[in-house]
Amino acid sequence: MSNPQQLRYSKEHEWLSGAEDGVSTVGITEYAANALGDVVYAQLPEIGSTVTAGETCGELESTKSVSDLYAPVSGEITEINEDVVSDPSLVNSAPFEDGWLFKVRVTGEPEDLLSAEEYAAFSGSDD
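Following my numbering, the numbering of the sequence shown begins with 31 at its first residue and continues without gaps.
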């Protein structure tokens with residue numbers, strides 16, 4: 031399992047892309063997707079809503095369990111991935127590509143995010 035070097039990671043197993051025009055993309059890691067099992071439902075935050083770093087902002091339901099989705103940063107939701115809402119299995123098949131979850135206009139500096147190497151050490155996943 032390889033964690034893309036250009037992303038930052040939360041201890042709740044979300045990833046965050048670098049900001050383009052102040053907007054970052056958020057998803058869950060391959061490690062988290064594998065731990066969840068087959069994702070069958072995604073409840074994502076509403077466009078225009080505000081999320082707070084470290085707070086729950088949605089949930090993912092799998093055949094095994096329901097897991098809270100945490101915001102890795104604070105900001106305003108600008109877009110959600112409608113493809114994941116229609117086909118939640120994208121979270122499992124392509125967590126770093128087509129399985130992204132939402133985009134957020136980041137307010138403030140992200141804190142407590144890990145590099146790919148730090149996340150690999152934290153999660154016990156390969157880098």
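Even for Gly, the Cβ is constructed at its ideal location relative to N, Cα and C.
Item: Could you give the first and the last residue of the continuous beta strand (DSSP E) run that contains A72?; Value: 69 to 73
Item: Mark K94 as exposed unless 16 or more other C-beta atoms lie within 10 angstroms of its C-beta, in which case mark it buried.; Value: exposed
Item: Who does F132 pair with in a DSSP beta bridge?; Value: V56, I110
Item: Please report the distance separating the alpha-carbon of A72 from that of E89.; Value: 6 angstroms
Item: What is the DSSP secondary structure of S92, reduced to helix, strand or coil?; Value: strand
Item: Can the beta-carbon of N64 be found less than 9 angstroms from the beta-carbon of N122?; Value: yes
Item: With burial defined as no fewer than 16 other Cβ atoms inside 10 Å of the residue's Cβ, what is the status of A151: buried or exposed?; Value: exposed
Item: Using DSSP bridges, identify the partner residues of T137.; Value: According to DSSP, which records beta bridges pairwise, T137 is partnered with nothing at all.
Item: In angstroms with no decimal places, state the Cα-to-Cα distance between D68 and T86.; Value: 21 angstroms
Item: Have a look at E141 and E148 and give me their C-alpha separation to the nearest angstrom.; Value: 14 angstroms
Item: Would you decide whether T82 is buried or exposed? Buried here means 16 or more other CB atoms lie within 10 Å of its CB.; Value: exposed
Item: Could you give the residue range of the alpha helix (DSSP H) that holds V46?; Value: In the sequence under discussion, the amino acid at residue 46 is Leu, which differs from the Val named in the question. From DSSP, L46 is part of no alpha helix (DSSP H) but of the beta strand (DSSP E) over 44 to 46.
Item: Report the option in Q35, T108, V134, H43 whose CA atom is closest to the CA atom of S97.; Value: H43
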